[in-house]
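Each residue of the sequence shown is one higher than the last, beginning at 5 in my numbering.
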Amino acid sequence: MKKPRRTVLTDELNITSMMDMFTIILVFLLKSYSTEDISVAASGDLELPVSTTMVKPKLAVNVVVSKSSITVDGSAVMALTKKPDETGKEWIAVPDEEKKGQMITRLYDRLLEKAEQAKRIAEATASEEHAFKGEILMQCDKELPFSVIREVMYTAGQAQFSNFRFVVYSSTS
């Protein structure tokens with residue numbers, strides 16, 4: 005009797021496991037991808053007010069006014085001080101040497117730089133999406149006196165930023 009001839013078996017590439025892996029990665033990336041323009045995280049010494057607003061933040065120059073400092077797009081501009089009022093109670097204020105009337109000089113200079121930079125980008129790209137709209141995203145501590153916020157807003161307005169968007173915590177989330 006003759007022995008049957010052995011056939012050589014070759015392993016075929018099994019892509020089922022690889023397809024499962026890629027599907028899981030794709031689903032993870034799609035779930036983690038944000039459809040919002042920007043996500044804003046408050047710094048440690050900043051307590052934002054709570055609101056019922058449903059408007060999402062847009063990409064703009066980010067000004068953070070905390071109890072201790074003012075920052076623009078993550079870089080510190082100046083420190084705030086505490087001054088006593090008539091009753092002796094201390095309140096947060098912009099140092100007098102940093103102001104010219106209601107305008108905060110160092111903040112004005114930094115915002116003017118940002119406005120000029122945004123205009124150059126808009127001119128270079130020549131697209132409506134990158135056009136300078138004078139929008140500013142403000143994060144202000146809820147304990148700040150309105151006088152400080154007013155001075156920051158006045159300064160931003162003088163530096164060609166006239167559209168203010170305030171960042172708040174949503175009470176619905």
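Each residue gets a CB set at the ideal place from its N, CA and C atoms; glycine is no exception.
{"Query": "Can you list, in chain order, the stretches of the beta strand (DSSP E) that have 3 or more residues and sit fully within the stretch 81–157?", "Result": "85–88, 94–97 and 139–144"}
{"Query": "Taking all protein chains shown into account, do 16 or more other C-beta atoms lie within 10 angstroms of the C-beta of M142, making it buried, or fewer, making it exposed?", "Result": "buried"}
{"Query": "Please say whether I140 and N167 have beta carbons closer to each other than 8 Å?", "Result": "yes"}
{"Query": "Could you check the C-alpha separation between R110 and K86 for me, to the nearest Å?", "Result": "18 Å"}
{"Query": "Can you tell which of K146, C144 and Q121 has its C-alpha closest to the C-alpha of H134?", "Result": "Q121"}
{"Query": "Going along the chain, which residues of its own chain have a beta-carbon closer than 8 Å to the beta-carbon of M107, five neighbours each way excluded?", "Result": "E155, Y158, T159 and Q162"}
{"Query": "With which residues is V54 paired in a DSSP beta bridge?", "Result": "Y173"}
{"Query": "So the candidates are E147, Y173, E101 and S175; which of them puts its Cα closest to the Cα of S70?", "Result": "E147"}
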